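Novice:
Residue numbers (the numbering used here), protein chains in the order written: chain A, 1 to 392; chain B, 1001 to 1392.
1. Can you list, in chain order, the residues of its chain with a C-beta nearer than 7 Å to that of residue 289 of chain A? Leave out the 5 residues immediately preceding and following it.
2. Compare the C-beta of residue 115 of chain A with all C-beta atoms of chain B and state if any pair is closer than 7 Å.
3. Indicate whether the contact test is met: 3 or more Cβ pairs, each with one atom in the region 1171–1183 of chain B and one in the region 1127–1144 of chain B, closer than 8 Å.
4. Which residues mark the beginning and the end of the beta strand (DSSP E) in which residue 1231 of chain B is found?
5. With contact counted as at least three CB pairs below 8 Å, one residue from each stretch, are the region 149–164 of chain A and the region 228–241 of chain A in contact?
6. Cα separation between residue 12 of chain A and residue 190 of chain A?
7. Which two residues bound the contiguous alpha helix (DSSP H) that contains residue 386 of chain A?
8. Can you name the residues of chain B whose CB is closer than 8 Å to the CB of residue 367 of chain A?
9. Give the residues from the region 1151–1163 of chain B that approach chain A closer than 8 Å (Cβ to any Cβ), ordered along the chain.
10. Residues bridged to residue 1344 of chain B by DSSP?
11. By the criterion of Cβ-Cβ separation under 7 Å, what are the contact partners of residue 371 of chain A in chain B?
12. Measuring CA to CA, which of B:1204, B:1110, B:1386, B:1207 is closest to residue 1193 of chain B?
13. Quick one: is residue 1196 of chain B buried, meaning 16 or more other Cβ sit within 10 Å of its Cβ, or exposed?
14. Between the region 235–246 of chain A and the region 308–319 of chain A, are three or more C-beta pairs nearer than 8 Å?
15. Excluding sequence positions up to five away, which residues of its chain have a Cβ less than 7 Å from the Cβ of residue 215 of chain A?
16. What would DSSP say about residue 275 of chain A, mapped onto helix, strand or coil?
17. Whose Cβ in chain B lies nearer than 7 Å to the Cβ of residue 231 of chain A?
18. Could you work out which residues of chain B lie near residue 177 of chain A, taking near to mean beta carbons separated by less than 7 Å?
19. Along chain B, in chain order, which residues have C-beta atoms closer than 7 Å to that of residue 393 of chain A?
20. Closer than 7 Å, CB to CB, is residue 1192 of chain B near chain A or not?
21. DSSP beta-bridge partners for residue 1108 of chain B?
22. Alpha carbons only, please: which of A:219, A:176, A:203 is nearest the one belonging to residue 147 of chain A?
23. Does the beta carbon of residue 6 of chain A come closer than 7 Å to any beta carbon on chain B?
24. Name the chain A residues that come within less than 7 Å of residue 1211 of chain B, Cβ to Cβ?
25. Output needed in chain order: residues of the region 1047–1070 of chain B with a Cβ under 7 Å from some Cβ in chain A.
26. Helix, strand or coil: how does DSSP classify residue 162 of chain A here?
27. Going along chain A in order, which residues have a C-beta closer than 8 Å to the C-beta of residue 983 of chain B?
28. Could you tell me whether the Cβ atoms of residue 1328 of chain B and residue 1345 of chain B are closer together than 7 Å?
29. Using 10 angstroms around the beta-carbon of residue 1213 of chain B, count the other beta-carbons present and answer buried if the total reaches 16, otherwise exposed.
30. For the candidate residues A:15, A:23, A:19, A:17, whose alpha-carbon lies nearest to that of residue 3 of chain A?
31. Please state whether DSSP places residue 1396 of chain B in a helix, a strand or coil.
32. Return the CA-CA distance between residue 204 of chain A and residue 1281 of chain B, expressed in angstroms with no decimal places.
33. Along the chain, which unbroken stretches of the beta strand (DSSP E) at least 3 residues long are found entirely within the region 1009–1076 of chain B?
34. Report, in whole angstroms, the separation of the C-beta atoms of residue 1050 of chain B and residue 1361 of chain B, which I expect to be a contact under 8 Å.
35. Note the first and the last residue of the continuous beta strand (DSSP E) segment covering residue 243 of chain A.
36. Which residues in the same chain as residue 1376 of chain B place their Cβ atom closer than 8 Å to its Cβ, once the five residues preceding and following it in sequence are excluded?
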């Protein structure tokens, strides 16, 4: 069961559902706010078609006095609850962990929040951008200090939420394995995922290098602090080409392509250390070359020279990509309300037990009746709950 | 068992090890290249202290004729293999999936690669930056088209590798649960994780909006295309402050703080849609205010007004953070070679079964002897393998 909204908890249940889990989504009568985000067609969100896929929707007013009983009767039939309210909110509704475990003793409960369920900051409001900032990611998405006076950029998507949702899914499967395996203990477990910590856990050497050497990791723009040349270079058709030629043979081949084979013998550019030291100059030389060609022309030249490279893909590039199409990562899916919609496929790919897109994001409350019946409510009770505006 | 190098597969085994898994890392005699990355103290990498923690290292020359037998005798005692060679590489060494499953019929095998194990691009070289570019992330880490003529920035860490590693860990636990639960089928499974696809799966509405409307998602710099004001604003002490005041009450309180309460009644800024339309002007007004104060002063003012906000944390901010310290996300860990090192904690936090840091990144081959003994090699055989340079 998901009692979630926005991105983190619903992303967690999306990837569990992709691999085959039966997901019950409890959503407000007005629907998950993500239904209003991004581009709409006739009032229907394209994002929702993916974000809500494989889920059954029960539209329920959690503030109604009947709500608690409905949730508890349903949870008794669930393995897992995923929620992303502010810490303590479910408890205030009479749905704290202890109460939930009375209804289902071995329930796995995943709490996803900005800062975690404990500690001095647990009650602070957090959005994805705050999680990314405190996780240390946002300081780094910028040009190097002293170059441009610009703010660090957003990654373009709510990456902190999605990473937290993925960690929650990983924690859930770990807890289920510990509980359910033949030698398992049949006990429920809690999982406490913070957006901040999920991002922070991916910061590599940032923390130990600071602790030991006082070194503060700084942004490096399009490049990498420890390897050159490796950057995003402008193309004649207005895009950018990633080129990673940061080894002696790769750089020699790139110098040939540039028509300046002597660069590979220039002491300024011999060895990675020298190239890093002179990378600004080197990047300008390369950019002068890339600006003359379209991305397609560059791709061809670089592939012939076997130099790792790629265009910075836009939505259009991804939609056309042969590899994505081959592997089902770009799929045409029939959405009853929207017609054919392009969906991203299922990750991870598991050949012996591939995930499926059984249906697209449902209407608000599309499965309310069948879920209430599953919880043991009689048809007349269901009708009364609808009439009283408790469910939709 | 991990036969991995660089970031993706080792990150996968790191988070499995954090939750208690016994990780055997097969590494080349010269060690995983990550041991050379980043800052070193006496030739020892600080990153490795985290990246290699909780792992046992068997240093093995995989090209030696004895290697295959050693791997197969060890894999017979393992639940899982994680590898990130180029597709087909293990097979060439006589260690394809079928051979591995002869030694251990129900083995779960996770392959992590740039483009996946199948398809026209499977053999292409890929680094993390290429995965991020093809995943669609890199196009978005930039300022809006037509503003600055700058390349899109790197996220600062190998985020594509880490996300792929996390997806692999999720897939592994899913496969183990399907295999091992009481009603499970006791069968091995394969997991095929691509860097490109792992990133691409987080791109939200990018693909369906393109498919249906031809809309190409564009970078938005520090802001968000659909909400204002929400951006990173400069502080007097040279940092940036994330402020998200994108609702009517939040914006009214921010206008008060700016000493310009009339902004909340200005038709240009009434309603999110108007604020988005005039966000450049609005952001400049806010930046003019934030530039007068240090990050600490701004934080205090914004917290008093209950406006979601945070400094873009640097390593120093994270190391000092009270919440991270409280929750064990910043920990002092004793490393036998390095002394006290700051480690990031374990994610996800599982109160009933918390993960642990049992030891820091080991030396190359630190556990070779005990692992060979576990595989059934006699002391004299182990001595011979060492003498012949097969293991270290």
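Heads up, the beta-carbon is just placed ideally off N, CA and C, and yes, glycines get one too.
Keep in mind the model is a prediction, meaning the values are calculated, not measured.
Specialist: Reading off the structure:
1. Locating residue 289 of chain A in the first chain gives position 289, where the first residue counts as 1. If you ignore the 5 residues before and after residue 289 of chain A, its C-beta comes within less than 7 Å of the C-beta of 258, all in its own chain and listed in chain order.
2. By 1-based counting over the first chain, the position of residue 115 of chain A is 115. Put simply, the CB of residue 115 of chain A is near chain B, with a gap under 7 Å to one of its CB atoms.
3. No, the region 1171–1183 of chain B does not touch the region 1127–1144 of chain B.
4. In the second chain, counting from the first residue as 1, residue 1231 of chain B sits at position 231. First-last of the beta strand (DSSP E) with residue 1231 of chain B: 1230–1234.
5. With a cut-off of 8 Å, the region 228–241 of chain A and the region 149–164 of chain A do not count as touching, because too few Cβ pairs lie within range.
6. Mapped onto the first chain, residue 12 of chain A falls at position 12. Mapped onto the first chain, residue 190 of chain A falls at position 190. Their Cα atoms are separated by approximately 15 Å.
7. Here residue 386 of chain A corresponds to residue number 386 of the first chain, with the count starting at 1. Per DSSP, residue 386 of chain A belongs to the alpha helix (DSSP H) from 379–387.
8. In the first chain, counting from the first residue as 1, residue 367 of chain A sits at position 367. Ordered by position in chain B, no residue passes the 8 Å Cβ test against residue 367 of chain A, which lies about 22 Å from the chain.
9. Listed by position, the residues of the region 1151–1163 of chain B near chain A (Cβ gap below 8 Å) are 1151, 1152, 1153, 1154, 1155, 1156, 1157, 1158, 1159, 1162, 1163.
10. Within the second chain, residue 1344 of chain B is the residue found at index 344, counting from 1. In DSSP, residue 1344 of chain B forms a bridge with B:1330.
11. Translated into positions along the first chain, residue 371 of chain A becomes position 371. Residues of chain B passing the Cβ test: none, with the nearest at roughly 23 Å.
12. To locate residue 1193 of chain B, count along the second chain from 1; it is residue 193. Checking every option, the nearest Cα to that of residue 1193 of chain B belongs to B:1110.
13. By one-based count along the second chain, residue 1196 of chain B stands at place 196. The Cβ neighbour count for residue 1196 of chain B, taken over all protein chains shown within 10 Å, is at least 16; the residue is labelled buried.
14. At 8 Å Cβ cutoff, the stretches touch.
15. As a working mapping, residue 215 of chain A is identified with position 215 in the first chain. 209.
16. Looking up residue 275 of chain A in the first chain gives position 275. Note: residue 275 of chain A maps to helix in three-state DSSP.
17. In the first chain, residue 231 of chain A corresponds to position 231, counting from 1. Around residue 231 of chain A, the beta-carbon contacts reaching into chain B at under 7 Å are 1151.
18. Here the question's residue 177 of chain A lines up with position 177 in the first chain. Within chain B, the residues near residue 177 of chain A are 1173, 1176, 1177, 1180.
19. The requested residue 393 of chain A does not occur in the structure, where chain A is confined to residues 1 to 392.
20. For the purposes of this step, residue 1192 of chain B is taken as the residue at position 192 of the second chain. Any Cβ of chain A closer than 7 Å to the Cβ of residue 1192 of chain B would place that residue at the interface, and such an atom is present.
21. Translated into the one-based positions of the second chain, residue 1108 of chain B becomes position 108. Under DSSP, the beta-bridge partners assigned to residue 1108 of chain B are B:1080.
22. Counted from its first residue, the first chain places residue 147 of chain A at position 147. For the residues A:219, A:176, A:203, the minimum Cα distance to residue 147 of chain A belongs to A:219.
23. Translated into the one-based positions of the first chain, residue 6 of chain A becomes position 6. Taking Cβ atoms only, chain B never reaches closer than 7 Å to residue 6 of chain A, which makes this a no.
24. Locating residue 1211 of chain B in the second chain gives position 211, counting from the first residue. The contacting residues are 319, 341, 342.
25. Of all residues in the region 1047–1070 of chain B, the ones placed with a Cβ closer than 7 Å to any Cβ belonging to chain A are 1047, 1049, 1050, in chain order.
26. Within the first chain, residue 162 of chain A is the residue found at index 162, counting from 1. Residue 162 of chain A sits in a helix when the DSSP states are folded into three classes.
27. Limits of chain B in this structure are 1001 at one end and 1392 at the other, which puts residue 983 of chain B out of reach.
28. Mapped onto the second chain, residue 1328 of chain B falls at position 328. Mapped onto the second chain, residue 1345 of chain B falls at position 345. Yes. Within cutoff.
29. Taking the first residue of the second chain as 1, we reach residue 1213 of chain B at position 213. Around the Cβ of residue 1213 of chain B, a 10 Å sphere holds fewer than 16 other Cβ atoms; the residue is exposed.
30. Against the first chain, residue 3 of chain A aligns to sequence position 3. Of A:15, A:23, A:19, A:17, the residue nearest in Cα terms is A:23.
31. It is not possible to answer for residue 1396 of chain B, since the shown part of chain B is limited to 1001 through 1392.
32. Locating residue 204 of chain A in the first chain gives position 204, where the first residue counts as 1. Locating residue 1281 of chain B in the second chain gives position 281, where the first residue counts as 1. Taking the straight line from one Cα to the other gives about 37 Å.
33. Counting only runs of at least 3 residues, the region 1009–1076 of chain B fully encloses the following beta strand (DSSP E) elements, listed from N- to C-terminal order: 1023–1027, 1055–1059.
34. In the second chain, the residue the question calls residue 1050 of chain B occupies position 50. In the second chain, the residue the question calls residue 1361 of chain B occupies position 361. With a Cβ gap of about 7 Å, residue 1050 of chain B and residue 1361 of chain B count as contacting.
35. As a first step, residue 243 of chain A must be located in the first chain, where it is residue number 243. Run containing residue 243 of chain A: 240–244, per the beta strand (DSSP E) assignment.
36. Along the second chain, one-based indexing puts residue 1376 of chain B at 376. Here the set comprises 1073.
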